[in-house]
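Protein chains: 2
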Amino acid sequence: MNHVREYRKQKKISQMELAKRIGVARQTINLIENDKYNPSLELCLSLAHVLGTDLNSLFWDGDEQQ
Amino acid sequence: MNHVREYRKQKKISQMELAKRIGVARQTINLIENDKYNPSLELCLSLAHVLGTDLNSLFWDGDEQQ
DNA sequence: AATAAATGTCATATATATTTGACACAATGA
DNA sequence: TCATTGTGTCAAATATATATGACATTTATT
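Protein sequence lines, in the order shown, are assigned to chains X and Y. For the first sequence, full-length UniProt numbering assigns the number 1 to the initial residue and increments by one for each residue that follows. For the second sequence, full-length UniProt numbering assigns the number 1 to the initial residue and increments by one for each residue that follows.
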């Protein structure tokens with residue numbers, strides 16, 4: 001239940017393009033977008049930077065959002 | 001360069017106590033505090049919840065902090 | 001000073017994130 | 001309709017996060 005896909009589409013780039021910019025495999029992006037696994041912090045930080053946002057916006061849901 | 005240790009000390013709990021509450025090994029906490037590796041997102045989320053804070057406060061440093 | 005608690009660290013084992021290559025199918029555009 | 005691009009997914013291999021047990025050292029606490 002993260003917001004990676006939304007932010008990626010907002011940037012109008014493909015999974016492959018996003019993967020290339022971050023330096024991971026396309027499958028990694030795909031699996032993260034579909035909540036199939038559990039990325040490392042370093043990868044989350046790269047995603048946030050490349051997508052022009054921050055950790056909370058991508059991965060922190062619910063009530064206690066600041 | 002995360003802020004786990006600061007928030008843990010603020011809560012006045014040991015690495016062992018924090019590890020127990022989160023359900024990981026004490027070494028895992030120790031290595032994260034000392035930037036020896038790269039926790040999973042799920043673990044980061046647990047840390048944020050148990051420490052009463054959020055992802056950005058623990059792991060998002062620098063300029064673009066919101 | 002002595003005892004206990006907290007921390008740093010090592011070595012080995014296991015679970016799982018991530019990679020690579022490939023294929024099928026959907027969507028898009030020529 | 002054909003070609004292209006994007007996406008979902010599978011299987012096998014590799015890298016690395018995490019666990020377990022142990023020990024040394026530092027930091028309270030008495």
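Every residue gets a Cβ at the ideal spot worked out from N, C-alpha and C, and that includes glycine.
Query                                                                                                                                     : Result
Residue ranges of each alpha helix (DSSP H) within the UniProt domain "HTH cro/C1-type" (4 to 58) of chain X, 4 or longer                 : 4 to 11, 15 to 22, 26 to 33 and 41 to 50
Neighbourhood of GLU64 of chain X by C-beta distance below 8 angstroms, restricted to the same chain and skipping five residues each side : Because the pLDDT of GLU64 of chain X is 46, which lies under 50, any placement of that residue in the model is unreliable, and the number read from its coordinates should be weighed accordingly. Nothing listed; no residue qualifies.
Nearest-angstrom Cα separation, counted from ARG26 of chain X out to LYS11 of chain Y                                                     : 40 angstroms
Exposure of ASN34 of chain Y, with buried meaning 16 or more beta-carbon neighbours within 10 Å                                           : exposed
Same chain, Cβ closer than 7 angstroms to VAL24 of chain X, neighbours up to 5 away in sequence not counted                               : LEU43
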